[in-house]
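I have placed the structure first, in the form of structure tokens, so that the comments after it can refer back to it.
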Amino acid sequence: MTEEKTAAKLRQEELFLKKQNGYDKIDEASIVAMDEYCDGYKKFLDNAKTEREAVKAAVSLAEEKGFVPFRRYMSLKPGDRVYVSNRGQSLMLAVIGTRPLDEGINIGAAHIDSPRLDLKPYPLFEDGDFALLKTHYYGGIRKYQWLSVPLELRGTVIRKDGTKTEVTLGGEPGDPFLVIPDLLPHLASAQSEKPLGKAVDPEAMNIFLGSRPYPDKEVSERFKLAALDLLNQKYGITEEDFLSAELCAVPAYSACDIGLDRSMIGAYGQDDRVCGYASLKGLFDAEAPEKTAVCVLADKEEIGSMGVSGMQSQAFDTFIADLCSCLDAHLRTCYENSFCLSADVNACYDPNYADVYDKRNSSFINQGVTLCKYTGSRGKSGASDASAEVMGYARKVFHHADVLWNVSELGKIEAGGGGTLALYMANRNIDTVDAGVPVLGMHAPFEVTGKLDCYMMYLAMKAVYEAPVAI
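Our numbering puts the first residue of the sequence shown at 1, with every later residue one more than the last.
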């Protein structure tokens with residue numbers, strides 16, 4: 001017998017916001033589509049452990065989908081698919097819409113750089129019968145998390161003669177890994193008394209490269225020479241070539257399923273390649289967009305979006321200005337009528353550390369995309385703070401496309417904070433709001449996301465690109 005609802009109960013259902021786990025809302029067909037999407041995402045992660053690798057992988061996927069390199073002053077028409085690789089470190093793609101660019105564009109902007117350990121300009125030395133590499137950490141890391149973790153060496157070297165070589169030491173089957181060993185607990189009593197953030201000296205985060213000396217006992221620095229000899233044999237580089245190199249150590253983990261139910265993904269670099277892949281795949285699958293759809297995969301976000309490949313550079317402005325020139329539009333008019341979803345991850349509520357979260361305003365796993373009106377720290381410092389109108393527009397887009405979503409902040413006030421690309425888009429007079437996937441262990445060498453949230457992020461980006469002029 002069905003219990004009849006009271007007037008108060010009906011009124012409560014009408015007025016209250018009810019948060020639900022996404023698995024209570026989606027059907028079996030959506031779960032199948034989710035798993036298929038996440039399989040592609042995991043492959044992308046394994047092929048994109050640096051921003052250069054991410055651009056290379058994205059360009060390969062884009063060209064399979066009919067994208068061609070953009071040329072200034074080329075003829076464009078609705079449906080054309082073009083891209084610009086900015087120095088191989090960031091990427092911009094566009095699908096030309098049916099509406100004039102003066103009516104604005106729909107933008108999905110994510111970043112593809114992640115915290116890591118860069119090599120110093122003079123990295124190679126020997127000590128204690130070891131060959132070692134000195135590092136300088138990139139982005140916001142918790143230093144202790146990078147100790148006793150298997151590492152790969154990846155990057156680009158420009159040799160003295162100007163030729164380029166790509167280093168992927170640890171990236172091929174059978175390759176050795178590298179490591180920064182942690183201090184054994186038997187000798188760590190003094191270290192254990194230090195605050196967690198001070199326990200590891202960043203100058204001591206030296207990678208162990210080898211321990212076998214060069215066979216000739218008559219030469220000095222035999223351990224350094226042996227390691228450099230192997231690098232030279234494999235990559236043709238000398239010690240001087242480190243001065244014109246971008247080499248970094250990244251975790252050697254492959255992306256994998258997490259949990260008995262395989263409901264989560266564990267991998268390095270999900271901040272922010274989880275949103276980068278969703279932005280890319282959403283653009284690939286967008287059907288006949290009215291407004292031109294643009295995907296931006298930016299670099300340097302983890303260190304302030306500076307430099308020629310960061311979101312503060314004029315590379316994005318140049319690309320859109322060139323599109324405007326091809327299509328007889330005005331850049332400033334285009335910007336003021338545009339919308340950008342700044343796609344970046346958020347902190348997933350972790351019951352093990354509940355004291356740093358405002359539970360009512362946190363993002364929870366499997367509730368879908370999390371909209372974030374503002375990021376920043378303390379009194380919203382460093383945030384673009386999306387307007388009510390922009391938040392309302394994002395809600396309409398997601399509702400129209402049946403995207404599961406919620407709204408959250410990044411932890412308790414003054415517990416910390418962080419920033420995204422949003423303010424740099426907003427500074428261009430583009431309406432912008434943050435949205436992303438909740439992540440457990442953000443910035444750790446191994447981050448965890450929910451598959452349902454990853455899939456909803458893809459649907460959200462696709463919905464933004466496809467958004468009709470009037471909803």
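From the three backbone atoms N, C-alpha and C, an ideal C-beta is built for every residue, glycine too.
Secondary structure at residue 321, three-state DSSP: helix, strand or coil?
Residue state for residue 321 is assigned as helix, using DSSP reduced to three classes.
Roughly how many whole angstroms lie between the Cα atoms of residue 67 and residue 78?
Rounded to the nearest whole angstrom, the CA to CA distance from residue 67 to residue 78 is 13 Å.
For residue 57 and residue 302, what's the separation of their Cα atoms in angstroms?
Taking the straight line joining both Cα atoms gives about 20 Å.
Would residue 13 be called buried (16 or more neighbouring beta carbons within 10 Å of its own) or exposed?
Classification of residue 13: exposed, given that the 10 Å Cβ count is below 16.
Buried versus exposed call for residue 352 [16 or more other C-beta atoms within 10 Å across all chains shown]
By the neighbour-count rule (16 or more Cβ atoms within 10 Å), residue 352 is not buried but exposed.
Secondary structure of residue 21, DSSP reduced to three states:
Reduced to three states, the DSSP call for residue 21 is coil.
May I ask you to verify whether the segment 142 to 157 touches the segment 310 to 318, counting CB pairs closer than 8 Å and requiring at least 3?
With the cut-off at 8 Å, the segment 142 to 157 and the segment 310 to 318 do not touch.
Determine which residues share a DSSP beta bridge with residue 158 and list them.
Per DSSP, 164.
Quick check on the DSSP output: the beta strand (DSSP E) that includes residue 134 runs from which residue to which?
Residue range 130 to 138 is occupied by the beta strand (DSSP E) that includes residue 134.
Applying the 10 Å Cβ sphere with the 16-neighbour rule, what's the burial state of residue 291?
Buried, by the Cβ-count rule.
DSSP beta-bridge partners for residue 81?
The partner list for residue 81 (beta bridge, DSSP) reads 95.
Residue 16 classed as buried or exposed, judged by whether at least 16 other C-beta atoms fall within 10 angstroms
Counting Cβ neighbours within 10 Å, residue 16 comes out exposed, since fewer than 16 surround it.
For the alpha helix (DSSP H) containing residue 273, name the first residue and the last one.
First-last of the alpha helix (DSSP H) with residue 273: 270 to 285.
Could you check whether residue 87 and residue 65 sit closer than 8 Å to each other, using their CB atoms as the reference points?
Not in contact: residue 65 and residue 87 (Cβ atoms no closer than 8 Å).
Quick one: what does DSSP say residue 333 is sitting in, helix, strand or coil?
Look at residue 333 here: in three-state DSSP terms it is helix.
Counting C-beta neighbours from all protein chains within 10 Å, is the total for residue 116 16 or more, i.e. buried, or is it exposed?
By the neighbour-count rule (16 or more Cβ atoms within 10 Å), residue 116 is buried.
Whole-angstrom distance between residue 147 and residue 102, CA atom to CA atom
Each residue's alpha carbon lies about 52 Å from the other.
Let me confirm a value: residue 447 is counted as buried when at least 16 other C-beta atoms fall within 10 Å, else exposed. Which label applies?
Label assigned to residue 447: buried.
DSSP bridge partner residues for residue 406 (one or two, in chain order)
Residue pairing by DSSP puts residue 406 in a beta bridge opposite 370.
DSSP beta-bridge partners of residue 449:
The partner list for residue 449 (beta bridge, DSSP) reads 265 and 439.
Rank 107, 304, 409 and 253 by C-alpha distance to the C-alpha of residue 348 and give the top, closest one.
Comparing alpha carbon positions, the residue from 107, 304, 409 and 253 closest to residue 348 is 409.
Taking the C-alpha atoms as reference points, what is the distance between residue 41 and residue 216?
Their Cα atoms are separated by approximately 48 Å.
Sort 133, 113, 18 and 252 by Cα distance to residue 498 and report the nearest one.
Shown here, the chain extends from 1 to 471; a query on residue 498 therefore has no answer.
CB-CB under 7 Å to residue 319, same chain, minus the five flanking residues each way: which ones, in chain order?
The answer, listed in chain order, is 84 and 92.
Runs of 3 residues minimum, wholly inside the segment 198 to 262: which ones carry the beta strand (DSSP E) assignment?
As for any beta strand (DSSP E) of minimum length 3 sitting wholly inside the segment 198 to 262, the runs are 207 to 210, 245 to 251 and 256 to 258, ordered along the chain.
Helix, strand or coil, according to DSSP, for residue 421 in the structure here?
Of the three classes helix, strand and coil, the one that applies to residue 421 here is coil, per DSSP.
When you compare only the Cα positions, how much space is there between residue 401 and residue 27?
Near 15 Å, if we compare the C-alpha coordinates of residue 27 and residue 401.
Return the CA-CA distance between residue 179 and residue 194, expressed in angstroms with no decimal places.
Rounded to whole angstroms, residue 179 to residue 194 spans 23 Å at the Cα level.
Please list the terminal residues of the continuous beta strand (DSSP E) segment that includes residue 110.
Per DSSP, residue 110 belongs to the beta strand (DSSP E) from 105 to 111.
Residue 467, DSSP secondary structure in three states
DSSP places residue 467 in coil when its eight states are reduced to three.
What residues match up with residue 124 in a beta bridge as DSSP calls it?
Assignment of beta-bridge partners to residue 124 by DSSP yields 133.
Does the segment 446 to 460 come into contact with the segment 254 to 270, if we say contact requires no fewer than three beta-carbon pairs (one atom in each stretch) closer than 8 Å?
A contact exists between the segment 446 to 460 and the segment 254 to 270.
Please work out which residues of its chain come closer than 7 Å, Cβ to Cβ, to residue 226, disregarding the five sequence neighbours upstream and downstream, and give them in chain order.
Closer than 7 Å at Cβ, skipping near neighbours: 131, 210, 212, 213 and 214.
Would you identify the three-state DSSP class for residue 152, choosing helix, strand or coil?
Residue 152 falls in the strand class under three-state DSSP.
Quick check on the DSSP output: the alpha helix (DSSP H) that includes residue 32 runs from which residue to which?
The continuous alpha helix (DSSP H) containing residue 32 extends over residues 28 to 46.
Mind checking whether residue 343 and residue 110 have CB atoms under 8 Å apart?
In this structure, the beta-carbon distance from residue 343 to residue 110 falls below 8 Å.
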